[in-house]
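Chains R and U are the protein sequences, given in the same order.
Numbering-wise, the first sequence is residues 3 to 217 according to our numbering.
Numbering-wise, the second sequence is residues 1171 to 1180 according to our numbering.
Every residue gets a Cβ at the ideal spot worked out from N, C-alpha and C, and that includes glycine.
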Amino acid sequence: MNIFRFAGDMTHLISILVLLLKIYATKSCSGISRKTQELYALVFLARYVDIFTEFISVYNTIMKIVFIASTLAIVWCMRGHRVVRRSYDKELDTFRHYFLIAASLVLALLVHEKFTFQEILWAFSIYLEAVAILPQLVLLQRSGNVDNLTGQYVFFLGAYRGLYILNWIYRYFTEPHFSRWIACVSGLVQTALYADFFYYYFLSWKNNAKLKLPA
Amino acid sequence: GPSSYPKDEL
Chain R
3 MNIFRFAGDM
13 THLISILVLL
23 LKIYATKSCS
33 GISRKTQELY
43 ALVFLARYVD
53 IFTEFISVYN
63 TIMKIVFIAS
73 TLAIVWCMRG
83 HRVVRRSYDK
93 ELDTFRHYFL
103 IAASLVLALL
113 VHEKFTFQEI
123 LWAFSIYLEA
133 VAILPQLVLL
143 QRSGNVDNLT
153 GQYVFFLGAY
163 RGLYILNWIY
173 RYFTEPHFSR
183 WIACVSGLVQ
193 TALYADFFYY
203 YFLSWKNNAK
213 LKLPA
Chain U
1171 GPSSYPKDEL
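Right, dumping it as structure tokens:
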């Protein structure tokens, strides 16, 4: 464990806590893409299938449980909570996310560390996570001004993988034979997808203005 | 290719 990875995990955790706060405090999920939440639930379920077979550390196991449980709770809340689900922007959240699942699965079958069930699921989760934010970014562009908590949620979610890139650079220089090229390339793509969001988020912070993404 | 390493990252 290094400071970049720990900071990345904490930033990821904060993004989930901010989203939970937004939904709990406002009893609304307006501006949140349910499709992105469903994709993230799939990412965690596919990536953490080894939660019961591979024990890495108490920290690792607890964080996996927290990520799976919180994301499933958010999806359930957006689908099943009688108050929250009324505020879901169903007509704006129209990204064809099934294509993202299919493309990630095909790519995982072609490019993986080893042709085993677990490795292919892991690669699938890595590729899917890289594009999981797309429905959310499209929804933000369509929904005009973005409330603060939603903007902070997306910001922290984008920042965490950027910190992981620093972690991979650090591990590359400090650990012999360290190679995470699938996660690294995918992480670079993932972080790059946030580039314009980060730009407009910085502008809104600098000008102390409401965050607004151009349509 | 390289053997599958333990996935110690989240």
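Exercise. Would you say the stretch 29 to 46 of chain R touches the stretch 189 to 205 of chain R, given that touching needs at least three Cβ pairs under 8 Å?
Worked result: no
Exercise. Three or more beta-carbon pairs under 8 Å between the stretch 91 to 102 of chain R and the stretch 137 to 147 of chain R, yes or no?
Worked result: yes
Exercise. Is the distance from the Cβ of R/TYR203 to the Cβ of R/LEU213 below 7 Å?
Worked result: yes
Exercise. So which residues on chain U does R/LYS66 lean against when the C-beta distance must stay under 9 Å?
Worked result: LEU1180
For this session: Output the residue ranges of the beta strand (DSSP E) runs that lie fully inside the stretch 58 to 97 of chain R and measure 3 residues or longer, sorted by chain position.
Result: none
Exercise. What does R/GLU56 reach in chain U if we use C-beta pairs closer than 8 Å?
Worked result: PRO1176, LYS1177
Exercise. Cβ atoms of R/THR38 and R/PRO137: under 7 Å apart, would you say?
Worked result: yes
Exercise. Between which two residues does the alpha helix (DSSP H) carrying R/VAL140 extend?
Worked result: 136 to 144
For this session: Just the C-alpha distance for R/TYR50 and R/LEU19, rounded to the nearest angstrom, thanks.
Result: 20 Å
For this session: Count the C-beta pairs between the stretch 11 to 18 of chain R and the stretch 158 to 173 of chain R that are closer than 8 Å, then say yes if the count reaches three, no if not.
Result: yes
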